[in-house]
Amino acid sequence: MKKVLSAAVAVIALAAGMSAAEAADKLKACWVYVGPHNDGGYSEGHDKGRLYAQEKLGDKIETTYVENVAEGPDAERAIERLARSGCKIIFTTSFGFMDPTIKVAAKFPDVKFEHATGFKTAPNVGTYNSRFYEGRYIQGQIAAKQSKAGVAGYIVSFPIPEVVMGIDAFMLGAQSVNPDFKVKIIWVNSWFDPAKEADAAKALFDQGVDIITQHTDSPAPLQIAQERGLHGFGQAHDMIQFAPKAQYTAIVDTWGPYYEKRINAVLDGTWKPEQSWDGLKDGIMQMAPYTNLPDDVVAMAKKTQADIESGAVHPFKGPIVKQDGTEVIPAGQNLDDGTLLGLNWYVKGIDDKLPQ
Amino acid sequence: MLESILLTVITAATPLIFAAIGELVAERSGVLNLGVEGMMAMGAVAGFAAAHVTGNPMIGVLAAIVAGVVMAALFGIVTLVFVANQVASGLALTLFGLGLSGLIGDSFVGIPGVSVPSLNIPGLTDLPIVGRVIFGLDPLTYLAIALTIGVSWFLFRTRGGLVLRAVGDSHGSAHTLGYDVIRVRFLAVLFGGACAGVGGAYLSLVYTPQWTEAMTAGRGWIALALVVFGTWLPLRVFIGAIVFGGVSILQLHAQAFGIGIPSQFLSALPYLTTIVVLVIISRNRVLVSTNTPAALGQSFVPDR
Chain A
161 MKKVLSAAVA
171 VIALAAGMSA
181 AEAADKLKAC
191 WVYVGPHNDG
201 GYSEGHDKGR
211 LYAQEKLGDK
221 IETTYVENVA
231 EGPDAERAIE
241 RLARSGCKII
251 FTTSFGFMDP
261 TIKVAAKFPD
271 VKFEHATGFK
281 TAPNVGTYNS
291 RFYEGRYIQG
301 QIAAKQSKAG
311 VAGYIVSFPI
321 PEVVMGIDAF
331 MLGAQSVNPD
341 FKVKIIWVNS
351 WFDPAKEADA
361 AKALFDQGVD
371 IITQHTDSPA
381 PLQIAQERGL
391 HGFGQAHDMI
401 QFAPKAQYTA
411 IVDTWGPYYE
421 KRINAVLDGT
431 WKPEQSWDGL
441 KDGIMQMAPY
451 TNLPDDVVAM
461 AKKTQADIES
471 GAVHPFKGPI
481 VKQDGTEVIP
491 AGQNLDDGTL
501 LGLNWYVKGI
511 DDKLPQ
Chain B
53 MLESILLTVI
63 TAATPLIFAA
73 IGELVAERSG
83 VLNLGVEGMM
93 AMGAVAGFAA
103 AHVTGNPMIG
113 VLAAIVAGVV
123 MAALFGIVTL
133 VFVANQVASG
143 LALTLFGLGL
153 SGLIGDSFVG
163 IPGVSVPSLN
173 IPGLTDLPIV
183 GRVIFGLDPL
193 TYLAIALTIG
203 VSWFLFRTRG
213 GLVLRAVGDS
223 HGSAHTLGYD
233 VIRVRFLAVL
243 FGGACAGVGG
253 AYLSLVYTPQ
263 WTEAMTAGRG
273 WIALALVVFG
283 TWLPLRVFIG
293 AIVFGGVSIL
303 QLHAQAFGIG
313 IPSQFLSALP
323 YLTTIVVLVI
333 ISRNRVLVST
343 NTPAALGQSF
353 VPDR
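Sequences listed follow chains A and B, in order.
Whatever position you read off the first sequence (first residue = 1), add 160 for the numbering used here.
Whatever position you read off the second sequence (first residue = 1), add 52 for the numbering used here.
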């Protein structure tokens, strides 16, 4: 109870502090999260970025966020409320906020908007994304090396380009080690539902996969891997404390420096809408320490990571062949960013049927 | 694999059974408490926190019961003593519970939890197929089964149950006969809160031993629906929860097998199947109308 009271006092103090801050004319930067700010996964990654920017830019800015915003019409209300409350730059951090962001941006031409993982822009809307697929390619290689069954499980949220790109990159990585590698895919139609993600992990393990990876945001699947003595990869966040024996590595989102850069651009008036898409080499994402792996696999993963950073390896290097056998690009070419951002087909070797 | 699937189905159904049976008792007394989701969330965070601090998951379960009861008491005071609208108060309780649990749980995020160990009887638990399904579950699942049987017995085989149902069917008559309507309802609401609390703790201690905000993910609402589709009969509610859990798990297996049915349809399947099954077993209209608490959601003000 004491804790609740002190928390309540803290909230009031915070509110009082905020109104004082507004008077001092700070730039207000705002975030919209699809899950809780401390989900231990994707949204928490963005929140860490927010705190990083706050720390770096100190009293030049004030930051705030809205969490648990459902994708769709509800998001429009949440974004509009932030725009009305005086936010000068708003980061909308989930793919499903794309159309709502564009709509609200049209009503507030003086407010800058940045939408993560989407592809639509406007004079006051930029996009930003991280080349997560680079990390997934490395994970695919590790999975193919480590799996005794020769098949991995993949728990996914929604069939959007971002997610499909991840599956394809994972498989391309795996195939570079073992051309016959298989993957079993389960769509849970949610970004965050720990129990359902756990159930999906159990179903996959029951069907004989021994490594899982996920494009959903909770550490629950890794906990199941730990329980079963099997393995998996963390998502968006180093989840090692949930699965000290099960996690091989994780893609760790590191949005902070990007946020600092973009808010600075608003502060000095140089902000322009951009389509930013950085990767491992820019540090916008990092690989969590490689653990629970034999030395030769760690060496392979580190080499691939270095090669991706230097540009020697491109996960979507030709020849790229679709599931149905049609060749998209021949050897010697890399898939271009435009195609990647709209990716809606599986590469050859995936047996699942992509939901449309 | 069959054994493992059965275990997963039981795990998926258990939190629903707790929450739904608790709500059933409250509704049988004539109180509609839409705050199940909020009470579950509070149970989940209290259970996780107490288990984490003490290292004992059973103390976690007790803390979850207390948290659920406190939330339910709040609802009881507002709707039964101050006669506020039950629907609005219940919705408020859900929002309040989700928010408060997030606030309390802020410092517990990202910490692996303490889980409840499963039963292990040497010899019996090792039996093929049925061994773990019958003798190797966690203690809370046995409690859920006992709860269903106990509540069924209480409602239809005891005087107390008769009084509770009378209050839910016609508070005026019960009052005239000298029963303390408010007291009966208050106790029923508290019982519902305790059960929802355990249901929440099941999520944070057994299902996925972790705490994250909003981890109940709508299970309180499914429990509410199960009560209605199960026509306020404990056994049907139990069946409904198993069907829902079963189809949720089987659709995941169907996807992993790669049978090519759109995943959006498969995701909707648990809801569709549960409704269809419960509508079929509830097709006797007379029985349904006798089992529907006639005074459900109506406020009662004793005038003398």
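Just so it is clear, CB atoms sit at the ideal spot from N, CA and C, and this is done for glycine as well.
Keep in mind the model is a prediction, meaning the values are calculated, not measured.
Check, Outcome
"N-terminal and C-terminal residue of the beta strand (DSSP E) that A/E599 is part of", "Coverage of chain A is limited to positions 161 through 516, which leaves residue 599 of chain A absent and any answer about it impossible."
"Within 7 angstroms, strictly: CB atoms of A/A363 and A/L382", "no"
"Helix, strand or coil at A/N494 according to DSSP, with G and I counted as helix", "strand"
"According to DSSP, residues forming a beta bridge with B/N108", "Per DSSP, none; premise fails for B/N108."
"Through-space distance from B/V122 to B/W263, alpha-carbon basis", "20 angstroms"
"Continuous beta strand (DSSP E) stretch holding A/T287: start and end", "285-290"
"Bridge-paired residues (DSSP) for A/K342", "A/V311"
"Spatial distance of B/A346 from B/V340 (CA atoms)", "11 angstroms"
"Per-residue contacts from A/P196 into chain B (C-beta, under 7 angstroms)", "G154, T264, E265, A266"
"Reduced DSSP category for B/I73 - H, G, I as helix; E, B as strand; rest coil", "helix"
"Chain A contacts from the segment 228-262 of chain B (Cβ-Cβ distance under 7 angstroms)", "L255, Y259, T260, P261, Q262"
"Chain B residues whose Cβ lies nearer than 8 angstroms to that of A/L211", "None at all; the shortest Cβ gap to chain B is about 14 angstroms."
"Where A/P379 falls, given that 16 or more other Cβ within 10 Å makes a residue buried", "buried"
"Collapsed DSSP secondary structure at A/A282 in the structure displayed", "strand"
"Short CB-CB distance (under 7 angstroms) between A/Q367 and chain B", "yes"
"Short CB-CB distance (under 7 angstroms) between B/Q303 and chain A", "no"
"Closest residue to A/I346 among A/D370, A/V316, A/D199, A/L332 (Cα-Cα distance)", "A/V316"
"Chain-ordered chain A contacts of B/I62 [CB-CB under 8 angstroms]", "Result: empty, since nearest Cβ-Cβ is about 12 angstroms, beyond 8 angstroms."
"Separation of B/T63 from B/I163, as counted between CA atoms", "22 angstroms"
"C-alpha distance - B/N336 paired with B/L285, whole-angstrom precision", "13 angstroms"
"Identity of the residue in A/D199, A/L501, A/I298 nearest A/G333 by Cα", "A/I298"
"Inter-residue CB distance, A/V507 and A/V473 (contact presumed, cutoff 8 angstroms)", "The Cβ separation is near 16 angstroms, so there is no contact."
"Close-in-space but distant-in-sequence residues of the same chain around A/K188 (CB under 6 angstroms, 5 per side omitted)", "E222, G246, C247, K248"
"The segment 482-493 of chain A contacting the segment 322-331 of chain A, beta-carbon criterion three pairs below 8 angstroms", "no"
"Closer than 7 angstroms to chain B by CB, A/F402", "yes"
"Short CB-CB distance (under 7 angstroms) between B/V353 and chain A", "no"
"Beta carbon proximity, A/D496 to chain B, threshold 7 angstroms", "no"
"Residue from A/Q306, A/A403, A/G443 whose Cα sits closest to the Cα of A/D455", "A/Q306"
"Residue-chain proximity (A/I346, chain B), Cβ-Cβ < 7 angstroms", "yes"
"Bridge partners - A/E274, DSSP secondary structure assignment", "A/F251, A/G286"
"Local Cβ density within 10 Å of B/Y194, reported as buried at 16 or more and exposed below that", "exposed"
"Identity of the residue in A/A410, A/F292, A/A466 nearest A/G439 by Cα", "A/F292"
"Test item: CB-CB of A/A276 and A/E420 under 7 angstroms", "no"
"Sequence-distant residues of its chain with Cβ nearer than 8 angstroms to B/R271 (five each side left out)", "P67, L68, A71, E89, M92, G251, L255"
"Selection from B/I301, B/S300, B/L278 that minimises the alpha carbon distance to B/I291", "B/L278"
"Buried versus exposed call for A/G498 [16 or more other C-beta atoms within 10 Å across all chains shown]", "exposed"
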